[in-house]
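S.K.:
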Amino acid sequence: MRLENKTAVITGAGGLLGRTTAEVYAREGANLVLTDRDPEALEEATKNFPNERTLRLGADVTSVTDTERVTSQALQKFGAIDIFFANAGIEGFSNEISDYSLDVYNDVMDINVKGIIIGLQIILPKMSDGGSIIMTSSIAGLMGAPVNIAYAASKHAVIGLRRSTAIPAGKRGIRVNSLHPGFVESPMLTRLMSQRGDLDEVRKEMTARIKLGRFTDAEEIANAALFLGSDESKGMTDQMLVIDGGVV
Ligand SMILES: NC(=O)c1ccc[n+]([C@@H]2O[C@H](COP(=O)([O-])OP(=O)(O)OC[C@H]3O[C@@H](n4cnc5c(N)ncnc54)[C@H](O)[C@@H]3O)[C@@H](O)[C@H]2O)c1
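Here my numbering = 1-based position in the sequence shown + 87.
#1: For a test of the three-state rule: what should DSSP assign to T158, helix, strand or coil?
#2: Considering only their Cβ atoms, is the gap separating F136 from E178 smaller than 9 Å?
#3: If I measure Cβ to Cβ from P126 and keep anything under 6 Å in the same chain, skipping five residues before and after, which residues do I get?
#4: Going by DSSP in three states, S225 sits in which element: helix, strand or coil?
#5: Tell me, please, which residues DSSP counts as bridged to R114.
#6: Indicate the three-state DSSP secondary structure (helix, strand or coil) for M293 in the structure shown.
#7: Which residues, in chain order, sit with a beta-carbon under 6 Å away from any heavy atom of ligand 1?
#8: Considering only the beta carbon of each residue, do I168 and G218 sit closer than 9 Å?
#9: Going by alpha carbons, who is nearest to F172 out of A117, I226, M196?
#10: The alpha helix (DSSP H) that contains T252, what's its start and end?
#11: Taking Cβ to Cβ, would you say T133 is nearer than 9 Å to A309?
#12: Taking C-alpha atoms, which residue in S320, L211, S273 lies nearest to T158?
#13: Is the CB-CB distance between S225 and M196 below 9 Å?
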């Protein structure tokens, strides 16, 4: 098993990509600390996970107190943190920049950027040497998204966090990489698509932009997160993995 004796903290584990990655990590032998600000969604998404190897915690990534609690309970139960998958995120709202709500902008930046910074401040110092940090960015972190201004800005910012953190973390052998999913039909993407018009029409337009001619499966993102979390990628830091079927 590729993650035996490793403990992973996964944020946003009640959502599609977090939960699917958690499933793959569980199959590969990891101990799991699964967090989400929606504890009911988390419970429902992970109810079949092996209990002795799973800790589920309701926690908001923007809260210092919650993140401290997650870290101390993870260490108490499993004795170490080897992988930190900073995956929780929100989409904001689709709107032209002239009409973009600054309140929505603040929420998106708080969760998608400050949420990761808080994790880096609190979890990183407690991680084992040789560990792996994976930050979820997006293809919107690599190209413009004219009606998703805040989302694109936040996902570009993740690259800055990765680049800045990889330097000091490398001194302890901790790797820091970013993951850039393309279109995966999660509740988040469906919400965004329905803001843009008829769902079937929007899906058709988006599919036309993908070289492989189809949306990406959550398992394909989870497999990339498995590679980045495992020792198979131990020579790799401050890099990105783009899993988008060829949009970028
Ligand atoms: N689905 C896609 O097409 C896609 C593409 C690129 C990047 N992403 C990124 O992947 C990550 C996961 O998205 P998903 O598609 O699984 O969406 P999702 O909506 O299914 O899951 C997101 C989860 O994050 C949780 N969350 C939101 N704010 C939180 C907070 N403050 N604290 C703790 N948990 C919080 C939500 O409750 C939810 O369970 C996000 O960072 C997203 O931006 C998704």
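Cβ atoms here follow ideal geometry from the backbone N, Cα and C, with glycine treated the same way. Predicted, not measured: the structure shown is a model, and the values here were computed from it.
M.R.: Taking the definition as stated:
#1: helix
#2: no
#3: G145.
#4: coil
#5: Per DSSP, none; premise fails for R114.
#6: helix
#7: T98, G99, G101, G102, L103, L104, G105, D123, R124, D125, A128, D147, V148, T149, N174, A175, G176, I177, I198, G202, T223, S225, P268, F270, V271, S273, P274, M275, L276
#8: yes
#9: A117
#10: 236-257
#11: Inclusion of T133 and A309 in the CB contact set at 9 Å is not warranted, their separation being larger than that value.
#12: With distances taken between Cα atoms, T158 lies closest to L211.
#13: Contact flag unset, no.
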